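>
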Amino acid sequence: MKNKSLFAILALFAILALQSPTVLTFIDGLFKDENGVRNWQHLANYTGGTLLVLLSIVTIFLFIARRRAYKANLELTAIRNELEIRVQERTAMLDQSNQLLLESNRALEEEVAKHVITADQLRSSESYIKDILTSMPLMLVGLDKNGFVTHWNKQVEDVSGISSKDALGKTLWDAYPQTTVLPEHVEQSIQDNKIIHLKQSLRSLYHYDITIYPLQEQDAGVVILVDDVTKQAAAEKMLIHNDKMSFMSELASTMAHDINLPLQAMMMDLKRFQRIISGANEPQQISDSDQAQKLNTIITDMSAKAEQVATIISNLLAFARSRKGKKQMADIVDVMENTISLANEVISISDELPFKQVKLERNFEKNLPLVPCYITELQQVLLSLFRHACHALTLKKETAGFEPTIKIILAKSYDNLWIKIPHNGLGLTAEEQMHLFEPFFTGKPAAEDFDA
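In my numbering, the protein residues as written are 5 to 456.
#1: Return helix, strand or coil for Lys203, following the three-state DSSP convention.
#2: Give me the DSSP bridge partner(s) of Tyr217.
#3: Kindly indicate the opening and closing residues of the alpha helix (DSSP H) around Glu4.
#4: Give the secondary structure of Met340 by DSSP, where H, G and I count as helix, E and B as strand, and everything else as coil.
#5: Give me the Cβ distance between Leu364 and Ile412, rounded to the nearest whole Å; I'm assuming they're in contact under 8 angstroms.
#6: Going by other Cβ atoms of all chains shown within 10 Å of its Cβ, with 16 needed for buried, is Ile167 buried or exposed?
#7: Whose C-alpha, out of Leu104, Gln159, Leu421 and Ala396, is nearest the C-alpha of Leu432?
#8: Residues in the same chain with beta-carbon distance under 6 angstroms from Asp453, minus the five sequence neighbours each way, listed in chain order, please.
#9: Given a cut-off of 8 angstroms, decide if Thr343 and Leu386 are closer than it, judged by their beta-carbon atoms.
#10: May I ask which residues mark the beginning and end of the alpha helix (DSSP H) holding Ala415?
#11: Helix, strand or coil, according to DSSP, for Ala404 in the structure here?
#12: Taking only the alpha-carbon atoms, compute the straight-line gap between Glu349 and Tyr378 and give it to the nearest angstrom.
#13: Checking the sheet assignment: what are the DSSP bridge partners for Cys377?
#14: Are the Cβ atoms of Val185 and Leu176 separated by less than 8 angstroms?
#15: Going by C-alpha to C-alpha distance, which of Gln45, Asn157 and Thr138 sits closest to His147?
#16: So the beta strand (DSSP E) Ile423 belongs to, where does it begin and stop?
#17: At the level of alpha carbons, what is the spacing between Leu229 and His189?
#18: Apart from the five residues just before and just after Ala224, which ones in its own chain have a Cβ nearer than 8 angstroms to its Cβ?
#19: What number of angstroms, rounded off, separates the C-alpha of Leu389 from the C-alpha of Glu240?
#20: Can you list the alpha helix (DSSP H) stretches of 4 or more residues lying completely in the segment 87–170, in chain order?
#21: Using a 10 Å radius around the Cβ and a threshold of 16 neighbouring Cβ atoms, would you call Gly429 buried or exposed?
#22: Verify whether the separation of the beta carbon atoms of Cys394 and Ile423 is less than 8 angstroms.
#23: Rounding to the nearest angstrom, what Cα-Cα distance links Gly52 and Phe65 in this structure?
#24: Measure the Cβ-Cβ separation of Thr403 and Leu357 and say whether it is below 8 angstroms.
#25: Alpha carbon to alpha carbon, what distance is there between Val362 and Ile244?
#26: Given this structure, state the Cα-to-Cα distance separating His155 from Gly165, to the nearest angstrom.
#27: If you reduce the DSSP assignment to three classes, tell me which class Ile290 lands in.
#28: Look up Thr304 in the DSSP assignment and say whether it is helix, strand or coil.
#29: Out of curiosity, what's the CA-to-CA distance linking Glu130 and His201?
#30: Name the residue from Gly173, His211, Glu311 and Asp196 whose alpha carbon lies nearest to the alpha carbon of Thr183.
#31: Under a three-way DSSP split, which group does Tyr212 fall into?
#32: Drop a sphere of 10 angstroms on the beta-carbon of Val116, count the other beta-carbons inside from all chains shown, and report buried for 16 or more, exposed for fewer.
#33: Helix, strand or coil: how does DSSP classify Thr184 here?
#34: What residues in its chain sit with their C-beta under 7 angstroms from that of Leu382, if we drop five residues either side in the sequence?
Dropping the structure here:
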């Protein structure tokens, strides 16, 4: 474009120069001879040479212009190709960006949907927790680290008579001054990060268990749970009272058993003594040696039974005193042998199987350690076991070929001492086993409980 402009300027300049009078006069002088006649041959040669020069110049300019145009076309082609490549790259990049944008939008939609579901679940959980806190039978109070009430459930409203609207935002001690929870308790629970248990009793009519739980959050606080244990306390008192009465009943029944046996024997001896006296025809017959021997035997037996009664009473007194003292180290084998000797004397009921007639199989492990125990109480327990074993053996004594047997096993198991007393008598039924650990349980009818 620049070359074309230069060529046009030169051509215009040549045309203007040829139209100038001075130039024309000069040119006209060049083509005349000495005589002033125009030399047309010279003019033609000059004009042809000039045209050739001009054509050469034009040809050169055209060649240069063509070269430049070709080069420009090559550059334009390269630029166009580069632009096409760039357009393709930008198009691919835009497609990729659009794809990423679509994926991002899709992921965002999924995330929004998840957040919506999570928000619904949170609302449902909050509603569920709120329903639990409202419906739970325990009183629940939430406090922040400064003691201001953050939660106040319906049970607290019913007991205290203070609505949650009036309690929220106030300190616990302003909202409910009668509480036994002190600010020091709340501070201690938060600082030590431990649970604190308190008890509150209102005029001995209402009883509450108070538990303070520290919260494991950035904003420290506590949750106070108050459980109304009035009925539980009354039930525990009644249970303790029933246990005391059951123990007294068991003790009284055991005393009646132990004292009744020698007394019945003494009464039988007295009846025999009366029969001997009433059967004598003359007073002199009483002094006969045979009758005197019988009377002496009866009186001796009565004395022995009286000594048994005295021993039982002494044991009862020792039993009453033993709970006041400390446990004693005892050899369990000696305790068992003493109890067996006592059972041979005490358990001799006429209508049941006497303990002396029972075969005893002793299986005592050697080198048993001494054990701390209340000796008298342990003997009472063992004696009661022997008595019930005799009763169970009596129920099968009419069986042919039956030999009443009681096994006594003393063995050590790790850090414990095992005492096993199995027998081959009639066992307990399934219903009786359900009441096995009730105080003074017996399978005997009431009419047979104290018969000799």
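Every residue gets a Cβ at the ideal spot worked out from N, C-alpha and C, and that includes glycine.
Please read these numbers as outputs of a predicted model, since none were measured by experiment.
If we stick to the structure as given:
#1: strand
#2: Val227
#3: An answer regarding residue 4 cannot be provided, because it is not within the stretch 5 to 456 covered by the chain.
#4: helix
#5: 6 angstroms
#6: For the sequence presented, residue 167 should be read as Ser rather than Ile. With fewer than 16 other Cβ atoms within 10 Å, it is exposed.
#7: Ala396
#8: Note that Asp453 has pLDDT 46, beneath the 50 cutoff, so the model's placement of it is unreliable and no number is given.
#9: yes
#10: Per DSSP, Ala415 belongs to no alpha helix (DSSP H); it is in the beta strand (DSSP E), Thr409 to Ser417.
#11: coil
#12: 22 angstroms
#13: Gln332
#14: yes
#15: It should be noted that the sequence gives Leu, not His, for residue 147. Taking only the C-alpha atoms, the option nearest Leu147 is Asn157.
#16: Asn420 to Lys424
#17: 14 angstroms
#18: Asp148, Lys149, Ile194 and Pro218
#19: 29 angstroms
#20: 158–164
#21: buried
#22: no
#23: 19 angstroms
#24: no
#25: 39 angstroms
#26: 15 angstroms
#27: Model confidence at Ile290 stands at a pLDDT of 48, short of 50, so the residue's coordinates are unreliable; what they give is reported in the following sentence. Residue state, collapsed to three classes: helix.
#28: helix
#29: 28 angstroms
#30: His211
#31: strand
#32: exposed
#33: coil
#34: Val339
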